[in-house]
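Numbers in the numbering used here are just positions in the sequence shown, counted from 1, shifted up by 471.
In what follows, a structure is listed as structure tokens, so that the remarks can point back to it.
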Amino acid sequence: MKIAVVGATGLVGTKMLQVLKERNFPITELIPVASERSVGKEIEFNGKKYKVHSMLDAIAAKPHIALFSAGGSTSLEWAPKFAEVGTVVIDNSSAWRMDPTKKLVVPEVNAHVLTKNDLVIANPNCSTIQMVVALEPLHKAYKIKRVVVSTYQSVTGTGVKAVDQLMNERKGIKGEMAYKYQIDMNAIPQIDVFLDNGYTKEEMKLVHETKKIMGDDSIKVTATTVRIPVMGGHSESVNIEFEKEFDVAELTNLLRNTKGIIVQDDLKNQIYPMPMNAHEKDEVFVGRIRRDETQEKTLNMWIVSDNLRKGAATNAVQIAEYLIANKVHAFKRQKPPRRLRFHKEGAKGAKFYHHYLREGKDLSPDSYRDRKEMQHPLRKRSFFAFL
């Protein structure tokens with residue numbers, strides 16, 4: 472398949488390339504895309520070097536799938552243009568997530584909603600993805616009424632600039648600041664901008680995206696999001712109120728048997744999920760599973776996941792894998808360039824091809840099919856037979 476990765480030189484774009492390679496995604500042609508200043512540079516993928524393309528060149532190549540991680544404004548401008556040529560766009564930005572005409576997908580939860588008409592598919596926010604993977608089986612079994620979540624999020628969620636700030640501060644080096652405050656040895660209770668209701672944009676993403684992905688607006692969600700000085704992944708303290716009563720052991724087994732979840736809940740040996748252990752893994756780790764003793768039918772648990780992988784790159788690649796495996800889109804194998812096909816047909820075809828190429832004429836079959844000049848002696852067997 473012909474795959475474009477838009478934002479290929481960024482943190483998530485680089486991780487997308489890594490995940491595509493690790494999962495042996497069926498790529499016949501890779502089209503890395505980045506900003507104009509990176510066009511023409513080379514990146515390495517699976518032992519080969521590929522030149523970075525511009526947006527227009529990538530669209531002209533008509534990739535089957537384009538994985539986007541280049542920011543909301545870029546996605547709003549360019550995703551529809553890719554879709555116009557039949558490319559399926561899987562976008563990691565927030566641009567399309569709450570658009571009622573676009574699907575917001577976590578494969579373990581709601582991939583079944585995808586149809587052949589979905590040419591722009593939204594990848595959810597990183598903190599939302601890991602939470603809904605754990606919530607979905609519990610919602611089916613016990614019906615969730617309310618969720619209270621506090622997140623402890625990695626600096627990698629902000630990008631390279633934030634990673635550099637943290638590393639510089641640890642070394643005592645002055646440098647460019649991604650945050651208003653020092654992040655090393657600190658916790659910043661603000662992710663994204665504040666809204667009129669006093670919550671941050673990141674907090675409201677958790678509220679709205681959870682309802683959309685799980686397909687249930689009755690679920691109440693309230694969130695507090697915090698940036699902390701780690702790089703392995705995001706952590707979440709989640710309190711869940713159910714409509715139905717539950718048994719903690721049965722609930723734990725339900726999570727343990729859910730695809731994409733690894734339960735780490737061995738209190739005796741002090742085993743529980745931590746960002747350093749989730750780093751470079753695709754699963755969602757769940758632990759500290761216990762009943763809330765202050766309220767009936769309520770549970771506390773701790774959720775950790777690598778935000779660059781399952782929280783972004785892996786989830787996007789899994790969506791693409793689902794589209795292929797379930798034949799949601801009729802991805803057609805694209806034919807080789809016309810020039811190569813002529814040469815494969817032998818000397819007569821090649822002679823005919825080059826004769827008209829030298830004349831500077833249109834070589835499309837429709838342009839000649841009814842023309843008198845096409846009564847060329849080589850026409851029938853050496854030209855149109857292979858168009």
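Quick reminder that beta carbons are idealized off the backbone N, C-alpha and C, glycines included.
Contact between Ile733 and Phe756 holds: their C-beta atoms lie close to 5 Å from each other, under 8 Å. Nearest to Arg494 by C-alpha distance, out of Ala784, Glu555, Lys574, Asp777, is Ala784. Shown here for Ala658: same chain residues with a beta carbon closer than 6 Å to its own, the five before and five after excluded, namely Val697, Ile699 in chain order. Counting the other CB atoms within 10 Å of its CB gives Phe665 a total below 16, which places it among the exposed residues.
For Trp773, the closest of Thr545, Met602, Leu725, Lys642 by C-alpha to C-alpha distance is Met602. Comparing C-alpha distances from Leu738 to each of Glu792, Ser525, Ile760, Ala791 shows the shortest one belongs to Ile760. Sequence-distant Cβ neighbours of Thr723 in its own chain, meaning closer than 7 Å and more than five residues away, are Val734, Asp736, Ile760. Minimum Cα-Cα distance from Tyr521 among the listed residues Asn728, Lys651, Ile502, Glu548 corresponds to Ile502. Residues Ala605, Pro608, Leu609, Ile732, Val734, Val757, Ile760 of the same chain have their beta carbon placed closer than 8 Å to that of Leu726, with the five preceding and five following residues left out of the count.
When Cβ pairs closer than 8 Å are counted between the two stretches, the region 784-798 is seen not to touch the region 703-720, the count staying below three.
Sixteen is the threshold: when 16 or more other Cβ atoms of the shown chains lie within 10 Å of the Cβ of Pro595, as they do, the residue is buried. No residue range can be given for Ala784, since it is assigned to no beta strand (DSSP E) and is classified by DSSP as neither H nor E.
By the neighbour-count criterion, in which a residue is buried when 16 or more other Cβ atoms sit within 10 angstroms of its Cβ, Ile644 is exposed. Less than 8 Å separates the beta-carbon of Ile684 from that of Val580.
DSSP links Asp562 through a beta bridge to Phe539, Ala593.
For Leu501, DSSP records a beta bridge to Ile474.
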